[in-house]
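J.: My structure is below; once you've seen it, I'll send some questions.
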Amino acid sequence: MSAVYEQVERAAQAVAAALGARRPRVGVVLGSGLGRFADTLEDMVAIPYGQLPGFAESRVLGHAGRLVAGSCSGTPALVMQGRVHLYEGHPIEQVVLPIRTLILCGCKTVIITNAAGGIRADLVPGDLVLISDHINLTGTNPLQGANDERLGPRFPDMSTAYDAELRSLAQRAAAEIGLRPLKEGVYNWMLGPSYETPAEIRMLRTLGADLAGMSTVPEVIAANHMGARVLGISCVTNMAAGLGGKLSHDEVKQTAERVEKQFVHLLRQTVGLLKSEEL
Ligand code: HPA
Numbered sequence: 453m454s455a456v457y458e459q460v461e462r463a464a465q466a467v468a469a470a471l472g473a474r475r476p477r478v479g480v481v482l483g484s485g486l487g488r489f490a491d492t493l494e495d496m497v498a499i500p501y502g503q504l505p506g507f508a509e510s511r512v513l514g515h516a517g518r519l520v521a522g523s524c525s526g527t528p529a530l531v532m533q534g535r536v537h538l539y540e541g542h543p544i545e546q547v548v549l550p551i552r553t554l555i556l557c558g559c560k561t562v563i564i565t566n567a568a569g570g571i572r573a574d575l576v577p578g579d580l581v582l583i584s585d586h587i588n589l590t591g592t593n594p595l596q597g598a599n600d601e602r603l604g605p606r607f608p609d610m611s612t613a614y615d616a617e618l619r620s621l622a623q624r625a626a627a628e629i630g631l632r633p634l635k636e637g638v639y640n641w642m643l644g645p646s647y648e649t650p651a652e653i654r655m656l657r658t659l660g661a662d663l664a665g666m667s668t669v670p671e672v673i674a675a676n677h678m679g680a681r682v683l684g685i686s687c688v689t690n691m692a693a694g695l696g697g698k699l700s701h702d703e704v705k706q707t708a709e710r711v712e713k714q715f716v717h718l719l720r721q722t723v724g725l726l727k728s729e730e731l
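Listed below in structure tokens is the structure:
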């Protein structure tokens, strides 16, 4: 059998050893420029990715690269402050090793966030959008290769990859903190690291995509494979290619920074509501 499960198990054991009596129930992945949520946890312990077996360290600016455990409004959480992307050259099993580790550590609910370009006309920079579904145009999949049944089934269903109840919960959280109802949309994953061309964005719009990004989908597939429930949140940092000006990582970081306070507030409220859920 493949060594993938053993790698995840080793990483989970290292995390568990560092966490002591903590039992995290909610996993969170923080996207580009959205890392501050981890700093708001109470009673926190941080583990640099470099200290965890198998974890790759991100080389993308704006991604910190540590695992932070702590309590968020009473809900025990385990947070990835930074992630690695397939375009960085890591094997895809290494890209999804951290999310699998979170789930094996007990996080049966995961919140996966990212910065994304807005394709649909009403999605503008600064919008926080709930992901309702995705399109994978990379031609690759984190489950390719031999399947290990200890992780999940060979052919996992993806028809409810983004849990509708969790989206309702996030809408409730948004209302409670005075935000307008959150928009929802379909996220498209292309490899990157170059941004899409305007022609690709026109194609993606025709195909039904609302958001363009370079992450999230492999993690969502791996999480569903393991039976975890997923909430996906995009922060629209820019209009997708051809719909506004030229694209830059600086603009992405600046917009993420501008809405980070609201993003952190929404995330804290949502994770807080999960406390009363069956986790
Ligand atoms: N395209 C792909 N990835 C992104 C974008 C985009 O426009 N903005 C932030 N990440």
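Numbering-wise (the numbering used here), the sequence shown opens with residue 453 and increments by one.
Note that CB positions come from ideal geometry on N, CA and C, so glycine has one too.
Nothing here was measured: the structure is a model prediction, and the numbers come from that model.
#1: Along the chain, which unbroken stretches of the beta strand (DSSP E) at least 3 residues long are found entirely within the region 665-710?
#2: Do asparagine 566 and ligand 1 come close, with the Cβ less than 8 Å from some heavy atom?
#3: By DSSP, does glutamate 617 sit in helix, in strand, or in coil?
#4: Just tell me which of Pro505, Pro500, Tyr539, Ile571 has its CA closest to the CA of valine 531.
#5: Is glutamate 648 near ligand 1, with its Cβ less than 8 Å from a heavy atom?
#6: Can you find the residues in the same chain that come closer than 8 Å, C-beta to C-beta, to tryptophan 641, ignoring five residues on each side of it along the sequence?
#7: For arginine 552, which residues from the same chain have a beta carbon less than 6 Å from its beta carbon, with the 5 sequence-adjacent residues on both sides left out?
#8: For leucine 699, verify whether its CB is less than 8 Å away from any heavy atom of ligand 1.
#9: Pull up the CB-CB distance for cysteine 557 and valine 478, whole angstroms please, since I reckon it's below 8 Å.
#10: Do we get a CB-CB distance below 9 Å when we pair aspartate 702 with the residues of chain B?
#11: Assuming tyrosine 457 is part of the alpha helix (DSSP H), what are its boundary residues?
#12: In whole angstroms, what separates the C-alpha of asparagine 566 from that of glycine 485?
#13: Taking the alpha carbon of serine 646 as the point to measure from, which residue in Asp495, Lys698, Gly724, Ala521 has its own alpha carbon closest?
#14: Can you give me the Cβ contacts of alanine 498 inside the same chain, cut-off strictly under 6 Å, excluding the 5 residues immediately before and after it?
#15: Assuming leucine 631 and valine 581 make a contact with CB atoms under 8 Å, what is their CB distance in whole Å?
#16: With a threshold of 8 Å, establish whether the CB of valine 704 neighbours any heavy atom of ligand 1.
T.: In brief:
#1: 681-691
#2: Within the sequence shown, the letter at position 114 stands for residue 566. For ligand 1, at least one heavy atom lies less than 8 Å from the Cβ of asparagine 566.
#3: Residue mapping note: residue 617 aligns to position 165 of the sequence shown, counting from 1. Helix, per DSSP.
#4: Within the sequence shown, the letter at position 79 stands for residue 531. Answer by Cα proximity: Pro500.
#5: The sequence position of residue 648 within the sequence shown is 196, counting from 1. Flag set: Cβ of glutamate 648 near ligand 1.
#6: Here residue 641 refers to the residue found at position 189 when the sequence shown is read from its first residue. Only His586, Ile587, Asn588, Leu589, Thr590, Gly665, Met666, Ser667, Thr668, Val669, Pro670 meet the Cβ criterion.
#7: Stepping through the sequence shown from its first residue, residue 552 is reached at position 100. These residues qualify, in order along the chain: Val460, Ala674.
#8: Indexing the sequence shown from 1 puts residue 699 at position 247. Yes, since a heavy atom of ligand 1 falls inside the 8 Å radius drawn around the Cβ of leucine 699.
#9: Your numbering for residue 557 matches position 105 in the sequence shown. Your numbering for residue 478 matches position 26 in the sequence shown. Rounded, the Cβ-Cβ distance is 11 Å, inconsistent with contact.
#10: In summary, chain B is missing from the structure at hand, where a single protein chain is found.
#11: Reading the sequence shown from its first residue, position 5 is the one you call residue 457. Here the alpha helix (DSSP H) through tyrosine 457 covers 456-471.
#12: Within the sequence shown, residue 566 is the residue found at index 114, counting from 1. Within the sequence shown, residue 485 is the residue found at index 33, counting from 1. Cα to Cα, asparagine 566 sits roughly 9 Å from glycine 485.
#13: The residue you call residue 646 lines up with position 194 of the sequence shown. Closest option to serine 646, Cα to Cα, is Lys698.
#14: Position 46 of the sequence shown, counted from the first residue, corresponds to residue 498. Excluding sequence neighbours, alanine 498 sits near Arg518, Val520.
#15: One-based indexing of the sequence shown puts residue 631 at position 179. One-based indexing of the sequence shown puts residue 581 at position 129. Not really, about 12 Å apart at Cβ, beyond 8 Å.
#16: In the sequence shown, the residue the question calls residue 704 occupies position 252. At least one heavy atom of ligand 1 is nearer than 8 Å to the Cβ of valine 704, so yes.
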